[in-house]
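Visitor: The structure under discussion is supplied below as structure tokens; questions concerning it will follow.
Put into structure tokens, the structure is as follows:
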């Protein structure tokens, strides 16, 4: 279950931190007790509800690069992207965990 984080102070944005295992090749038991990383995810929901027939689902953007915050990129550029992607959730994960 994603952990809500207080990073999203702007209205309409959703932020969470996902806890993921560092070693995906480990057995399920080893993953459950092994080291984990927290990855920040930010979402700007579509302008229409998911029940609307025009809703297009989420899009995971991978813009930017190392050293640039994916969370802050959606917070700063999400509204501009949504002028084109009105019926799609704009979602971004943090590059470096």
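In our numbering, the protein residues as written are 119 to 215. For every residue, glycine included, the Cβ atom is placed at its ideal position computed from N, Cα and C. Just so it is clear, the structure is predicted and the values come from calculations on it, not from any experiment.
Would you list the residues sitting across from residue 89 in a DSSP beta bridge?
Guide: Outside the shown range of the chain (119 to 215) lies residue 89, about which nothing can therefore be said.
Visitor: Leaving out five residues before and five after residue 128 in sequence, what residues of the same chain have Cβ atoms less than 8 Å from its Cβ?
Guide: Position 10 of the chain shown holds residue 128. Hits under 8 Å: 193.
Visitor: With DSSP as the reference, identify every bridge partner of residue 161, one or two as the case may be.
Guide: Taking the chain shown and counting its residues from 1, the one referred to as residue 161 is at position 43. Answer is 132, 209.
Visitor: Does the Cβ-Cβ distance between residue 136 and residue 177 come in under 8 Å?
Guide: In the chain shown, the residue the question calls residue 136 occupies position 18. In the chain shown, the residue the question calls residue 177 occupies position 59. Note that the C-beta distance between residue 136 and residue 177 is not below 8 Å.
Visitor: Using the Cα positions of residue 179 and residue 201, report the straight-line distance between them to the nearest angstrom.
Guide: In the chain shown, the residue the question calls residue 179 occupies position 61. In the chain shown, the residue the question calls residue 201 occupies position 83. Between the alpha carbons of residue 179 and residue 201 lies a gap of roughly 15 Å.
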